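Everything on this sheet refers to the single structure shown next.
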Amino acid sequence: MYKTRHAVFFLIVPVLLFMVFILLPAISAFFLSFTSYNIFDPIEWVWFDNYKEALQDSDFWNALGNTVLFWVLATPTLVIMPIFVAVLANQKVRGIRVFRLIFYFPVLVSVVVTAILWRWMFNLDGILNYFLSVFNLPAVEWLTSPEMVIPSMALVTIWSGFGYYTLFYLAGLQTVPKDLYEAAELDGAGFFKKHLYITIPMLRPVIFFVSVISTMGAFKEFTLMLTMTNGGPLDASTTVVLLVFKEAFQGLNMGYASAVSFLLFLFILVLTLINEKFIDRNPSGD
Amino acid sequence: MTRKSNVQNIMGFALLMFIMFLTGCSSGGSGTSDGAAGEPTEDAAQGETQEERTIEFMTISLSPTFDEYINGVIDAFEAENEGVTVEWKDAPYDQIEQLVMTSASSGDLPDVINLNTLFLKKLAGLGALVNMDEAAADVKDDYFEGIWQSGDIGDGNFAIPWYVSTSGLLYNEKLLQEAGFDTPPSTFEEAWEYSEVIYEKTGAYGMVIAPNLHTQMPLHGIPIVSEDGTEATINTPEAVELWTTLKEKYDQGLVHKGILLDQAKVPELYAQEKVAFWTTGPQLFRQVNDLAPEVYENSNSAPALVGEAEVQNASIMNLAVPKQSEHVDLAVDFAAFITNSEHQLAFSEEANILPSVKEAAEAEHFTQGEDSDDPAVKGNFFAAQQLELAQDFTIPHENAGEIAEVVNKTFQGVLINDGDPKQALADLETQINSLLQE
Numbered sequence: 001m002y003k004t005r006h007a008v009f010f011l012i013v014p015v016l017l018f019m020v021f022i023l024l025p026a027i028s029a030f031f032l033s034f035t036s037y038n039i040f041d042p043i044e045w046v047w048f049d050n051y052k053e054a055l056q057d058s059d060f061w062n063a064l065g066n067t068v069l070f071w072v073l074a075t076p077t078l079v080i081m082p083i084f085v086a087v088l089a090n091q092k093v094r095g096i097r098v099f100r101l102i103f104y105f106p107v108l109v110s111v112v113v114t115a116i117l118w119r120w121m122f123n124l125d126g127i128l129n130y131f132l133s134v135f136n137l138p139a140v141e142w143l144t145s146p147e148m149v150i151p152s153m154a155l156v157t158i159w160s161g162f163g164y165y166t167l168f169y170l171a172g173l174q175t176v177p178k179d180l181y182e183a184a185e186l187d188g189a190g191f192f193k194k195h196l197y198i199t200i201p202m203l204r205p206v207i208f209f210v211s212v213i214s215t216m217g218a219f220k221e222f223t224l225m226l227t228m229t230n231g232g233p234l235d236a237s238t239t240v241v242l243l244v245f246k247e248a249f250q251g252l253n254m255g256y257a258s259a260v261s262f263l264l265f266l267f268i269l270v271l272t273l274i275n276e277k278f279i280d281r282n283p284s285g286d
Numbered sequence: 001m002t003r004k005s006n007v008q009n010i011m012g013f014a015l016l017m018f019i020m021f022l023t024g025c026s027s028g029g030s031g032t033s034d035g036a037a038g039e040p041t042e043d044a045a046q047g048e049t050q051e052e053r054t055i056e057f058m059t060i061s062l063s064p065t066f067d068e069y070i071n072g073v074i075d076a077f078e079a080e081n082e083g084v085t086v087e088w089k090d091a092p093y094d095q096i097e098q099l100v101m102t103s104a105s106s107g108d109l110p111d112v113i114n115l116n117t118l119f120l121k122k123l124a125g126l127g128a129l130v131n132m133d134e135a136a137a138d139v140k141d142d143y144f145e146g147i148w149q150s151g152d153i154g155d156g157n158f159a160i161p162w163y164v165s166t167s168g169l170l171y172n173e174k175l176l177q178e179a180g181f182d183t184p185p186s187t188f189e190e191a192w193e194y195s196e197v198i199y200e201k202t203g204a205y206g207m208v209i210a211p212n213l214h215t216q217m218p219l220h221g222i223p224i225v226s227e228d229g230t231e232a233t234i235n236t237p238e239a240v241e242l243w244t245t246l247k248e249k250y251d252q253g254l255v256h257k258g259i260l261l262d263q264a265k266v267p268e269l270y271a272q273e274k275v276a277f278w279t280t281g282p283q284l285f286r287q288v289n290d291l292a293p294e295v296y297e298n299s300n301s302a303p304a305l306v307g308e309a310e311v312q313n314a315s316i317m318n319l320a321v322p323k324q325s326e327h328v329d330l331a332v333d334f335a336a337f338i339t340n341s342e343h344q345l346a347f348s349e350e351a352n353i354l355p356s357v358k359e360a361a362e363a364e365h366f367t368q369g370e371d372s373d374d375p376a377v378k379g380n381f382f383a384a385q386q387l388e389l390a391q392d393f394t395i396p397h398e399n400a401g402e403i404a405e406v407v408n409k410t411f412q413g414v415l416i417n418d419g420d421p422k423q424a425l426a427d428l429e430t431q432i433n434s435l436l437q438e
């Protein structure tokens, strides 16, 4: 009883904040997705028209395609690569703290600053193309080519998010019992086998968590696109959330923007459920 | 206030918060949700007598640089109108639209709002603004006709134009001389001829194609939509010829792709001597001085390039009064007061911008500077001389932003994807007509 009372006490503020700033707006947005709301005119119910319009809108499908491509390029790398880095960062070697700091440092840089820095580097005559020219390689149109723009954005996202996800895996590694490794060593397992058969299975809940939040992060990403290319060239980097932003704040089509938001929500929900099915959250199989 | 309007406002405000949360943006300020959208709030008027009235004035990025000037004008207005208080708020340029929307959703819009032309058209199209052709009919003739028209949409005009920027040409004398030119180009045709030689001899770009082609086409005498804003007029042989010529220049490598796609900044490239001339508002010339004083030292200015139509594009800041204002007449009076000749002239002297009223433009301040050694001062002289030719090329329709975007993207597509200008313009005509009918 004592513990329950304290739990309620500590939870009341975040729950209230959650309800006021997330739940209530989300419910309102859900209802408004069935209207033609534009702030200035009275609300008019259009029922499923916004959803129908979105599903027939080539801009929506283009944005969804861009978002999925961005997710496919960024998320697997952000889920898998930090595991290796975390394993390395978990070793007791000299200077490991500096190593950890270097990997975490990009996380501390704001997204807008990151976007501006990388935009400079991605310039046609920027530093990246300069390095390529040193090796007699042709310049790459990082942000001005419709084919390259999303891979370039994914590269920036990986750079900036790598340290963040490594931190989760590092925390996860602390929970793996040391005796499992000792037993494996006695059985003759080497470095890779130990991690393949012990670390990866034991980190499954963390892998699931990282894949879910990095998926959501990839589907929500829009600051980079807005700052670096404003969705261009030729809409090749317009993601769904950037489309929502433009429809809502430039077009004042709040009802339509809400409908697109909910379609995105459904898409992420389905992906999360699939993710959950494939990554067993209980490594022991109980 | 009805329960329906309360529910509507709470839902509207909540939606804005949700989308802002989703997109990671700050609302940047909001009001309460007491007022119905599109209806006046009662709070502002409560406790006020006819003599004690308060109006709220919102500007874009003028504070703190122009605090003294704005507060001076406000004091003068309050002194002339006993019992009136003007509350001034300033919003950053990139937040004004969000602030206006959050204020509108809570029925708490400022009484006088400084708006750019695109957003003005959007709000006017939604019926949110006062028709200035009627409300400010007594002062309408004081303003340049082409500039007053920036508030046009449908049969009305929904803004009083405030300060204006027209263009001058900043050019790098050293690069031009290296290419063998002693004088700057004066027409678009000449500018392309210069560009070929400059690119060949110095490696620098001459003409740049800005991403906002929709404001460039009228310079060549090609309107995008009809004057009444009811149909597309872009699919003409002249337009096909222009796009074909520009595509040829692009194929020749004379167009900077980063600038075309709005991913490279002209002042930065000009400061690096990668661009030889730049047509823009003279108030921006000093950006080059900030970035590279030695390049600015080698620069000079000239009148902006002239196209077949012999008109010039003007960027205009407008003052609009929402219909939901409690004090429409007073708000219109204040907008006319701050944009009158005396106050615009004083503002122009402080801010290196141009006035929208004819009388102010005749002042000595704008008739001097032709012989100045400072390109910005000289450019300002040339820009002021073009006020009579100045027009706002924003399409007179609430979907002006969407139409501009589709024009620019279609054109970029023709260049980047090696499209056929004729077919692209035919498709574009269909798209624009569809947007005009929405």
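Protein sequences appear in the order of chains P and F. Heads up, the first sequence is in the UniProt record's numbering, so the first residue is 1 and it goes up one at a time. Heads up, the second sequence is in the UniProt record's numbering, so the first residue is 1 and it goes up one at a time. Ideal placement from N, C-alpha and C gives every residue a C-beta, glycine not left out. Computed from a predicted structure; not experimentally measured.
Inter-residue Cα distance where the pair is residue i and residue j
{"i": "residue 72 of chain F", "j": "residue 247 of chain P", "result": "39 Å"}
{"i": "residue 366 of chain F", "j": "residue 283 of chain F", "result": "14 Å"}
{"i": "residue 405 of chain F", "j": "residue 206 of chain F", "result": "25 Å"}
{"i": "residue 57 of chain F", "j": "residue 227 of chain P", "result": "30 Å"}
{"i": "residue 77 of chain P", "j": "residue 224 of chain P", "result": "18 Å"}
{"i": "residue 254 of chain F", "j": "residue 54 of chain P", "result": "39 Å"}
{"i": "residue 110 of chain P", "j": "residue 167 of chain P", "result": "18 Å"}
{"i": "residue 267 of chain P", "j": "residue 35 of chain P", "result": "21 Å"}
{"i": "residue 100 of chain F", "j": "residue 394 of chain F", "result": "20 Å"}
{"i": "residue 31 of chain F", "j": "residue 103 of chain F", "result": "Confidence in residue 31 of chain F is poor, its pLDDT being 33 and thus under 50, which makes the residue's placement too unreliable to answer from."}
{"i": "residue 251 of chain P", "j": "residue 220 of chain F", "result": "28 Å"}
CB contact check: residue i to chain P, cutoff 8 Å
{"i": "residue 75 of chain F", "result": "no"}
{"i": "residue 105 of chain F", "result": "yes"}
{"i": "residue 128 of chain F", "result": "yes"}
{"i": "residue 101 of chain F", "result": "yes"}
{"i": "residue 258 of chain F", "result": "yes"}
{"i": "residue 154 of chain F", "result": "no"}
Per-residue burial, residue i [other beta carbons within 10 Å of its own, 16 or more giving buried]
{"i": "residue 45 of chain F", "result": "Residue placement at residue 45 of chain F is flagged as unreliable, the pLDDT there being 46, under the threshold of 50; the coordinate-derived value follows with that caveat. Flag for residue 45 of chain F reads exposed."}
{"i": "residue 136 of chain P", "result": "exposed"}
{"i": "residue 19 of chain P", "result": "exposed"}
{"i": "residue 188 of chain P", "result": "exposed"}
{"i": "residue 161 of chain P", "result": "buried"}
{"i": "residue 518 of chain F", "result": "Given that chain F is displayed from residue 1 to residue 438, the structure contains no residue 518 of chain F and the question cannot be resolved."}
{"i": "residue 229 of chain P", "result": "buried"}
{"i": "residue 238 of chain F", "result": "exposed"}
{"i": "residue 269 of chain P", "result": "exposed"}
{"i": "residue 342 of chain F", "result": "exposed"}
{"i": "residue 438 of chain F", "result": "exposed"}
{"i": "residue 119 of chain P", "result": "buried"}
C-beta neighbour in chain F for residue i, strict 8 Å
{"i": "residue 144 of chain P", "result": "yes"}
{"i": "residue 249 of chain P", "result": "yes"}
{"i": "residue 252 of chain P", "result": "yes"}
{"i": "residue 7 of chain P", "result": "no"}
{"i": "residue 90 of chain P", "result": "no"}
Within 8 Å of chain F by C-beta, residues of the segment 32 to 61 of chain P in sequence order:
32, 37, 38, 39, 40, 41, 42, 43
Where the segment 398 to 420 of chain F meets chain P: residues whose CB sits under 8 Å from a CB there:
Result list: 401, 402, 409, 412, 413, 416, 417.
Taking a cut of 9 Å between CB atoms, which residues from the segment 84 to 98 of chain F lie near chain P?
97, 98
Residues of the segment 260 to 276 of chain F in Cβ contact with chain P at a cutoff of 7 Å, in chain order, please.
261, 262, 263, 264
Compile a chain-ordered list of the residues in the segment 177 to 204 of chain P whose CB is closer than 8 Å to at least one CB of chain F.
none
Please list the residues of the segment 211 to 237 of chain P that have a C-beta atom closer than 8 Å to any C-beta atom in chain F, keeping them in chain order.
220, 222, 223, 228, 229, 230, 232, 233, 234, 235
Please identify, using Cβ separations under 8 Å, the residues of the segment 117 to 145 of chain F that lie next to chain P, in order along the chain.
So the list reads 122, 123, 126, 127, 128, given in the order they occur along the chain.
Near-chain F residues of the segment 118 to 129 of chain P - C-beta to any C-beta below 9 Å
So the list reads 119, 122, 123, 124, 125, given in the order they occur along the chain.
Ignoring anything shorter than 3 residues, give me the beta strand (DSSP E) runs that lie fully in the segment 235 to 280 of chain P, in order along the chain.
none
Ignoring anything shorter than 3 residues or poking outside the segment 73 to 97 of chain F, list the beta strand (DSSP E) runs there in chain order.
84 to 91
If you scan the segment 205 to 278 of chain F from start to end, which runs of the alpha helix (DSSP H) of 4 or more residues do you find wholly inside it?
213 to 216, 237 to 251, 257 to 260, 266 to 271
Contiguous alpha helix (DSSP H) assignments of at least 4 residues, all confined to the segment 197 to 239 of chain P:
204 to 220, 223 to 228
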